[in-house]
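Asker: I am attaching a structure below and will ask some questions about it afterwards.
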Amino acid sequence: MDMNLALFLTQLLNGVQLGLILFLLSSGLTLVFGVLNFVNLAHGAFYMLGAFLTAAVALATGSFLVGIVAAALLTAVLAAIVEGTIARALYHRAHLEQVLATFGLLLCAQTAVHYLYGPSGLTVPLPDWLQGFVSLGAITLPTYRLFIVVFGILLAIVLWFVMAKTRAGMIIRASATNRVMAESLGIETQAVFTGLFGAGAVLAAIAGGLIAPITGASINMGGPAVILAFVVIIIGGLGSVRGAFAAAMIVGLIDTLGRAYLTSVLATIFAPKMASTAGPALASILIYAIMAVVLAFKPEGLFPPASR
Amino acid sequence: MTQPAPLMPSPKAQTKSFISPSVFGVLILAGVLWILPFVFLSIGQAFLVDALLRAVILAIAAVSLNFLAFTGGMVSFGHAAFVGIGAYSVGICDHYGISNGFFQLAISLGVSGVFAFVTGTLALRTKGVQFIMITLAFSQIVYYVMLGLDEYGSDDGLIINSSSYFHVIDLSNKTSLYWVALAVLFAQIALFRCLNRSRFGLVLAAADESERRVRSSGLDIFRYKLVAYVLAGMLASLSGVLYANLTGFITPELMDWTQSGDLLFIVTLGGMGTMSAPVVGSAFFVSLEEALSALTIYWHFWFGLILIAVVLFGIERLKRLALEFSGRLR
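Those protein sequence lines, which keep their order, are chains A and B. Here the numbering used here is used: the first residue of the first sequence is 1, the next is one more, and so on. Here the numbering used here is used: the first residue of the second sequence is 1, the next is one more, and so on.
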């Protein structure tokens, strides 16, 4: 097979993999916003904690999967504590106050992790069966990236099933659409909120745990991640899981392909030196530019939820 | 803003007819800031003058954000981008050997104005969370562009060899830099005070309260908001010009999203009272930063906790508690 095509397919897989990680990260964020009208920058802290806890447990037990599960459980506990003590008091506050308080939470979490694990972060070893490459016909793909794609798609299907087909999903959708009506029908909305906040945090922690073997766990990974997740859910339409999925895929693919090809595309038009300077800079702002274009034409995002 | 607007005049409108105490407050503040450097130097604490200068420069950026957020209801999470544009206007001019301060100033105001016009046109189509996040995204664009340009130092930063040259005023001298910063700060406070009382400010404040009512009286709110956004952005870039002259070294970190968060924190710390409140806010912010970072390298943890406390309990209540506490100690 053509070398270029093989490379393109590999980049495509990387794009899908980034998209799925972004979806895990942003689905919780968009649900929490949709139901609670709560801007949560601390969502990035759960992503970072997920990466560190996965790394620490995987290093201690020697099992990556045990690491992911332990990180998910520990984050659920932490999220329940944060929801009960701080987040709950912020639901009815102005967005500015929510942004500031959760920014403070993110700072606390980053510094705590810095204190516990040192400034250089942790690296996560992969088990043998996830290392190496898989041959699919003429192309070979890294096993671990394929694993993330399969795992991510499975989680996305589970999430869709829970939201669309189960009683719990119906209750969440009811609370999101009309809280007062849901309460008058006997739904304990506070319990729904705690559960939702926790579930969102667990999804973020799983995303962090999955990305850790590729990028390592680092203190400053939370901030950029939550900004990216906000870009995703704003493109997708705040509160819409379907929108978050579509936008995560768009952002993941465009970001990956932009980084891979923009420099060489520019080199066909401009001087090589200029292209190699402008290429990486342009690639990193591509998704923000897309967000600006989407909002210019659809201020509510691509798939705004029907009503609130 | 779906709930009906109250029939009684809001507290915002009432404070507007309340002139003398706040003018008095501003004058006292100006006096204190005028004297402080002499006090610091006479007790041999020159580093405090640096901290003070940093507070004044931060306050310059915070005053315009205060106007945007509290008069215009536009909570921008990307105000640090304008500070960065100001700083890099000085840095990039200097990189090409241009130290003419008037030229640098023109570039800074021009670029920040155009940037604010373009991003404001797009951002003001949204409101609420979308506005917070789209302004954040635009500031990330500037941040990543400067991070990507190796020519201007990328993340290693850019050293500024000579300070901006303004004929008679020598900005390489810390004292004169301080007087200039102070003059810029209080000129801005006066300007925003006038704007708050003008028709322009009243329309903005009214639109924040009930956009529908203002729109139905035939006013094009978008245009008012855009003018406010561009003006605030241009004035914030002055903070960056002064900052570049203070440090002589700039990095893209200057427009990192956390810097925009710090500016919002300063504005909140000041409380939403007068136009000079952000000055108190930034003085408190810089003192907090200096004090905590002297105690421990893990100071961000305590800083984060204070941020959470300020939001949860409210700045007014915390001030009262602190006063009661100090009263009991006495």
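We put the beta carbon where it would ideally sit given N, CA and C, even for glycine.
Who are the neighbours of SER284 of chain A on chain B, taking C-beta pairs under 7 Å?
Answerer: Counting from 1 along the first sequence, the entry for residue 284 of chain A is found at position 284. Simply TYR144 and GLY148.
Asker: Any contact between the region 264-283 of chain B and the region 111-122 of chain B? By contact I mean 3 or more CB pairs, one from each, below 8 Å.
Answerer: no
Asker: With DSSP run on the structure shown, which of helix, strand or coil describes TYR88 of chain B?
Answerer: Residue mapping note: residue 88 of chain B aligns to position 88 of the second sequence, counting from 1. Of the three classes helix, strand and coil, the one that applies to TYR88 of chain B here is helix, per DSSP.
Asker: TYR165 of chain B and TYR88 of chain B - do their beta-carbons sit closer together than 9 Å?
Answerer: Here residue 88 of chain B refers to the residue found at position 88 of the second sequence. Here residue 165 of chain B refers to the residue found at position 165 of the second sequence. Contact flag unset, no.
Asker: Cα separation between PHE249 of chain B and TYR243 of chain B?
Answerer: If you number the second sequence from 1, residue 249 of chain B lands on position 249. If you number the second sequence from 1, residue 243 of chain B lands on position 243. So the alpha carbons of these two residues sit roughly 9 Å apart.
Asker: Taking DSSP as the reference, what is the three-state secondary structure of ASP170 of chain B?
Answerer: Looking up residue 170 of chain B in the second sequence gives position 170. DSSP places ASP170 of chain B in strand when its eight states are reduced to three.
Asker: Counting only Cβ-Cβ distances shorter than 8 Å, please list the residues of the region 117-136 of chain A near chain B, keeping chain order.
Answerer: none
Asker: Do TYR144 of chain A and LEU122 of chain A have their CB atoms nearer than 9 Å?
Answerer: Taking the first sequence and counting its residues from 1, one reaches residue 144 of chain A at position 144. Taking the first sequence and counting its residues from 1, one reaches residue 122 of chain A at position 122. Annotated as distal: TYR144 of chain A and LEU122 of chain A, with beta-carbon spacing of 9 Å or more.
Asker: What residues are listed by DSSP as bridge partners for ASN40 of chain A?
Answerer: Counting from one through the first sequence, the residue named residue 40 of chain A turns up at place 40. Note: ASN40 of chain A sits in no beta bridge, so no partner.
Asker: What are the partner residues of THR142 of chain A, as DSSP defines its beta bridges?
Answerer: Numbered from 1 along the first sequence, position 142 holds the residue referred to as residue 142 of chain A. Rather than Thr, the amino acid found at residue 142 of chain A in this sequence is Pro. For PRO142 of chain A, which the question treats as bridged, DSSP gives the partners A:PHE133.
Asker: Quick one: give me the first and last residue of the alpha helix (DSSP H) that PRO252 of chain B is part of.
Answerer: Mapped onto the second sequence, residue 252 of chain B falls at position 252. Taken as a continuous stretch (DSSP letters only), PRO252 of chain B belongs to no alpha helix (DSSP H), as it is neither H nor E.
Asker: Using only CA atoms, which one of B:ALA277, B:GLY201 and B:ALA181 lies nearest to LEU238 of chain B?
Answerer: For the purposes of this step, residue 238 of chain B is taken as the residue at position 238 of the second sequence. If we check each option's Cα against that of LEU238 of chain B, B:ALA181 comes out closest.
Asker: Does DSSP classify LEU302 of chain A as helix, strand or coil?
Answerer: Along the first sequence, read from residue 1 onward, the residue named residue 302 of chain A stands at position 302. Of the three classes helix, strand and coil, the one that applies to LEU302 of chain A here is coil, per DSSP.
Asker: Opposite ALA217 of chain A in the DSSP bridges: which residues?
Answerer: One-based indexing of the first sequence puts residue 217 of chain A at position 217. DSSP lists A:LEU122 as partners of ALA217 of chain A.
Asker: Give me whichever residues DSSP pairs with TYR165 of chain B in a beta bridge.
Answerer: Here residue 165 of chain B refers to the residue found at position 165 when the second sequence is read from its first residue. BP columns for TYR165 of chain B point to B:ASN100 and B:ASP170.
Asker: Does the beta carbon of ARG125 of chain B sit closer than 9 Å to a beta carbon anywhere in chain A?
Answerer: In the second sequence, counting from the first residue as 1, residue 125 of chain B sits at position 125. Yes - at least one Cβ of chain A is within 9 Å of the one on ARG125 of chain B.
Asker: Taking the alpha-carbon of ALA207 of chain B as reference, which of B:ALA232, B:ASP220, B:LEU246 and B:LEU195 has the nearest alpha-carbon?
Answerer: Residue 207 of chain B sits at position 207 when you count from the first residue of the second sequence. Residue B:ASP220 is the option with its Cα nearest to ALA207 of chain B.
Asker: Compute the Euclidean distance between the alpha carbons of GLY243 of chain A and LEU29 of chain B, then round it to the nearest angstrom.
Answerer: Position 243 of the first sequence holds residue 243 of chain A. Position 29 of the second sequence holds residue 29 of chain B. One C-alpha to the other measures close to 50 Å.
Asker: For the region 200-215 of chain A against the region 265-281 of chain A, do three or more pairs of beta-carbon atoms, one drawn from each stretch, fall closer than 8 Å, so that the two count as touching?
Answerer: no
Asker: Check LEU262 of chain A in the structure and name its three-state DSSP category.
Answerer: Position 262 of the first sequence, counted from the start, is the residue given in the question as residue 262 of chain A. LEU262 of chain A falls in the helix class under three-state DSSP.
Asker: In this structure, how does DSSP classify ILE60 of chain B when only helix, strand and coil are distinguished?
Answerer: The residue given as residue 60 of chain B occupies position 60 in the second sequence. In this structure, ILE60 of chain B counts as helix in the three-state DSSP scheme.
Asker: How many angstroms separate the CA atom of PHE192 of chain B from the CA atom of TRP302 of chain B?
Answerer: By one-based count along the second sequence, residue 192 of chain B stands at place 192. By one-based count along the second sequence, residue 302 of chain B stands at place 302. Cα to Cα, the separation comes out at about 33 Å.
Asker: Distance, Cα to Cα, ALA309 of chain A vs VAL124 of chain A?
Answerer: Residue 309 of chain A lies beyond the stretch modelled for chain A, which goes from 1 to 308, so this question has no answer here.
Asker: Run through the region 186-263 of chain B for me and flag every whole alpha helix (DSSP H) of 4 or more residues, listed as ranges in chain order.
Answerer: 199-209, 211-216 and 221-247
Asker: Identify the continuous alpha helix (DSSP H) that holds LYS273 of chain A and give its terminal residues.
Answerer: For the purposes of this step, residue 273 of chain A is taken as residue 273 along the first sequence, with counting starting at 1. Segment 272-297, the alpha helix (DSSP H) holding LYS273 of chain A.
Asker: Less than 9 Å between CB atoms is the rule here; does TYR91 of chain A satisfy it with respect to chain B?
Answerer: Translated into the one-based positions of the first sequence, residue 91 of chain A becomes position 91. The C-beta of TYR91 of chain A comes no closer than 9 Å to any C-beta of chain B.
Asker: With a threshold of 16 other CB atoms inside 10 Å of the CB of LEU154 of chain A, please say whether the residue is buried or exposed.
Answerer: The residue labelled residue 154 of chain A in the question sits at position 154 within the first sequence. Exposed.
Asker: Round the Cβ separation of LEU36 of chain B and LEU52 of chain B to the nearest angstrom and send it over; I've been treating them as touching at under 8 Å.
Answerer: As a first step, residue 36 of chain B is located in the second sequence; it is residue number 36 there, counting from the start. As a first step, residue 52 of chain B is located in the second sequence; it is residue number 52 there, counting from the start. Rounded, the Cβ-Cβ distance is 6 Å, consistent with contact.
Asker: How is the alpha helix (DSSP H) around ALA94 of chain A delimited, first residue to last?
Answerer: On the first sequence, position 94 is the one that residue 94 of chain A refers to. Run containing ALA94 of chain A: none; DSSP gives neither H nor E here.
Asker: Comparing C-alpha positions only, which one of B:GLN259, B:LEU33 and B:GLY201 sits nearest to GLY223 of chain A?
Answerer: Numbered from its first residue, the first sequence carries residue 223 of chain A at position 223. Answer by Cα proximity: B:GLN259.
Asker: If we ignore side chains and look at the alpha-carbon of each, how far apart do LEU253 of chain A and GLY19 of chain A end up?
Answerer: Taking the first sequence and counting its residues from 1, the one referred to as residue 253 of chain A is at position 253. Taking the first sequence and counting its residues from 1, the one referred to as residue 19 of chain A is at position 19. Their Cα atoms are separated by approximately 7 Å.
Asker: Alpha carbons only, please: which of B:PRO252, B:LEU246 and B:LEU68 is nearest the one belonging to SER172 of chain B?
Answerer: Translated into positions along the second sequence, residue 172 of chain B becomes position 172. Nearest option by C-alpha distance: B:LEU246.
Asker: Quick one: Cα of TYR47 of chain A to Cα of CYS108 of chain A, how far?
Answerer: The residue you call residue 47 of chain A lines up with position 47 of the first sequence. The residue you call residue 108 of chain A lines up with position 108 of the first sequence. TYR47 of chain A and CYS108 of chain A: Cα-Cα distance of roughly 14 Å.
Asker: Would you check if the distance between the CB atom of VAL49 of chain B and the CB atom of LYS127 of chain B is smaller than 9 Å?
Answerer: Here residue 49 of chain B is taken as the residue at index 49 of the second sequence, counted from 1. Here residue 127 of chain B is taken as the residue at index 127 of the second sequence, counted from 1. No, Cβ-Cβ distance for VAL49 of chain B and LYS127 of chain B is not below 9 Å.
Asker: Give the straight-line distance between the Cα atoms of GLN104 of chain B and GLY152 of chain A, rounded to the nearest whole angstrom.
Answerer: Reading the second sequence from its first residue, position 104 is the one you call residue 104 of chain B. Reading the first sequence from its first residue, position 152 is the one you call residue 152 of chain A. Distance from the CA atom of GLN104 of chain B to the CA atom of GLY152 of chain A, rounded to whole angstroms, is 50 Å.
Asker: Could you check what DSSP says for LEU185 of chain A in three-state terms: helix, strand or coil?
Answerer: As a position in the first sequence, residue 185 of chain A is number 185, starting the count at 1. Coil.
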